[in-house]
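One structure is given below, encoded as structure tokens.
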Amino acid sequence: MRMIDNLFDLFALHDAEYDKYPKSWIRASGKNLNKIFCKLSPGNYLDFLKSEIKLKTGINISTQTIKDWVSGRYGIPLIALEIVSRNIQDKKKIINSIEYLNTNSHHKIVLPKRPSPDLFYFIGVIIGGGSMPVSIRKYNGKRRWKIAIEMTAIDYVKTVLIPLIKSLFNVKPRVYKRKREGKKETITLIMNSKIVYRFLEKIIEIPPGKKSNKVEIPDFNKINDRLIMATISGILDTEGGIHMFTFGGSSNSKMLREQIVEFLSKKGFEMKIWDWINIKGGRTYSFGFKKINRNIIKKLKLKNKNLINYIMRACEVTG
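Read in order, the letters of the sequence shown correspond to residues -3 to 315 in this note's numbering.
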């Protein structure tokens, strides 16, 4: 993960490859951010910022545009905030002062500034049941910033995932339902947000596109047990189910399975693993609990009632 001490490095959201024009820049706003920006800027800040932005982006910024940033009329681009940051303390002060971010859409996106169980549960949801496709819009050739989560547990989506996304990012995802003959109804959540997409890709470092064979728990050897457990909970709530007559999960990433099994084994669970060849000819790495008991619900703090009910029924059968 991209961190500055205990804070997420929000400056990493800027991407020179795609943010070629000022309208596409990610901007930050906050109650004291303009004062901090002015204080950190040198006395000749207009000439300084114009020359530095020209040097970094090749773009000529007008004097009036910079005055609009200083006055608070518009949010201050992250690239401009980074330019005036002389050291780590300056960067931390700026990040702590950011209340929300936006682009030319003007929708106020709130990003977590520090790791939390709720955030890492959501990361587990993306790893288990989410996707971040790499695609281009046909009509204008621009990158599409789409995050999708597909589930059949409709109540879980409505009562857990939608409120969680709203609380973490101030985003209300679009909801699509699909009913296919002979199959359960599925519900798909769609977020079209460059800021949230970049946050997951560049700061949390979840690989976009076909990530299934290389994804892993972020900073597995650095984060605390609460965050790891929250991640595994999110993975199982979205991807978990019946595997080889037990409750477990599977992944195309061998590393992810190793991390999950290693951690749960340390927490006292007896685990088993097995591999199989999937329909596409690739290898799938599965894992499961040797014994199903109520501790799975209690220790992992599962939120998907469908899975919880399955585990409870299995406990009644096995005693």
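A virtual CB, placed ideally from N, CA and C, is assigned to each residue, including glycine.
Assigned secondary structure, aspartate 151 (DSSP; H/G/I helix, E/B strand, else coil) = When secondary structure is reduced to three states using DSSP, aspartate 151 falls in the helix class.
task = Starting from glycine 54, trace the alpha helix (DSSP H) both ways and give me its first and last residue.
result = Segment: none, glycine 54 is in no alpha helix (DSSP H) and carries neither H nor E.
request  = Compute the distance between the beta-carbons of lysine 88 and isoleucine 0, then report whether it is under 7 Å.
outcome  = yes
query = To which residues does DSSP link proline 73 through a beta bridge?
reply = Arg23
inquiry  = By the three-class DSSP mapping on this structure, what secondary structure does serine 37 have?
reply    = coil
task = Can you say whether arginine 194 is buried or exposed, counting buried as having 16 or more other CB atoms within 10 angstroms of its CB?
result = Classification of arginine 194: buried, given that the 10 Å Cβ count is 16 or more.
ask   = For isoleucine 105, which option in Thr53, Lys168, Asn136 and Pro159 has the closest C-alpha, if you only look at C-alpha atoms?
value = Lys168
message = Could you compute how far the alpha carbon of glycine 278 sits from the alpha carbon of asparagine 248?
response = In this structure, the CA atom of glycine 278 is about 8 Å from the CA atom of asparagine 248.
query = Which whole runs of the beta strand (DSSP E) in the segment 88 to 129 are 3 residues long or more, in chain order?
reply = 96 to 98
key: C-beta atoms of lysine 299 and valine 156 nearer than 7 Å   = yes
message = Taking its Cβ as the centre, do 16 or more other Cβ atoms sit within 10 Å of lysine 263, making it buried, or is it exposed?
response = exposed
task = Output the distance between the C-alpha atoms of isoleucine 275 and serine 67, rounded to the nearest integer angstrom.
result = 58 Å
message = Quick check: what's the CA-CA separation for glutamate 212 versus leucine 115?
response = Glutamate 212 and leucine 115 have their C-alpha atoms roughly 15 Å apart.
task = Name, in chain order, the residues that DSSP records as bridge partners for glycine 245.
result = Phe283
key: N- and C-terminal bounds of the beta strand (DSSP E) containing valine 171   = Membership of valine 171 in the beta strand (DSSP E) is indicated by the continuous run 170 to 174.
key: First through last residue of the alpha helix (DSSP H) which encompasses leucine 296   = Counting along the chain, the unbroken alpha helix (DSSP H) around leucine 296 starts and ends at 291 to 296.
inquiry  = Closest to leucine 29 by C-alpha separation, out of Asp221, Leu51, Leu45 and Leu97, would be which residue?
reply    = Answer by Cα proximity: Leu97.
ask   = Any idea what DSSP makes of isoleucine 200, helix, strand or coil?
value = coil
Pick from Arg222, Ile199 and Phe241 that is closest to tyrosine 306, judged by C-alpha positions = The residue with the shortest Cα to Cα distance from tyrosine 306 is Phe241.
ask   = By Cβ distance below 7 Å, which residues in the same chain neighbour glycine 39 in space, the five residues on each side in sequence not counted?
value = none
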